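If you're matching positions, the sequence shown starts at 582 in the working numbering and goes up one per residue. Cβ coordinates follow ideal geometry from the N, Cα and C atoms, glycine included. What you are looking at is a predicted structure, and each value in this text was computed from that prediction instead of being measured.
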Amino acid sequence: METIDAVIARAMARGAKAAEQDPLALAARFDQEHSRLILDLAGDVELAIPAKALGFPPDADLSEVRVEGGGFDLYFPCIDEGAFVPDLVRAAIAHRLAA
Numbered sequence: 582m583e584t585i586d587a588v589i590a591r592a593m594a595r596g597a598k599a600a601e602q603d604p605l606a607l608a609a610r611f612d613q614e615h616s617r618l619i620l621d622l623a624g625d626v627e628l629a630i631p632a633k634a635l636g637f638p639p640d641a642d643l644s645e646v647r648v649e650g651g652g653f654d655l656y657f658p659c660i661d662e663g664a665f666v667p668d669l670v671r672a673a674i675a676h677r678l679a680a
């Protein structure tokens, strides 16, 4: 049976690899005028995602958004919902988040 130290070491290695390869958010804000989420990503990249593409109800209050989890996660406290940044970026690149 694997020791807890070995399990933790493997998890830490996976996390370090993900931090090197996956897109990370440095900042996030909601553009009320254009109804879109703006992500500032590591590597000096900005990505705008239409609010309706996020899958939240149309009347959801997205005015407050926090970057959490070392840049991997977004949290919208007004609606108590979250989003995984790498999945959002991959979907946007694959054109699955078209407005």
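| Check | Outcome |
| --- | --- |
| Among D661, G636 and D640, nearest to R647 - alpha-carbon criterion | D661 |
| For E649: DSSP bridge partner residues | D654 |
| Chain-order list of residues whose beta-carbon lies under 7 Å from that of A673 (same chain, five-residue window excluded) | L628 and I630 |
| V626 classed as buried or exposed, judged by whether at least 16 other C-beta atoms fall within 10 angstroms | exposed |
| Cβ neighbours of D603 in the same chain (closer than 6 Å, five flanking residues each side left out) | P667 |
| Alpha-carbon spacing of E614 relative to I589, whole angstroms | 45 Å |
| Straight-line gap, E645 to V670 (C-alpha atoms, nearest Å) | 20 Å |
| Length of the line joining the Cα atoms of P658 and A587 | 35 Å |
| L622 versus Y656 - alpha carbon distance | 16 Å |
| Alpha-carbon to alpha-carbon, P639 and G663 | 16 Å |
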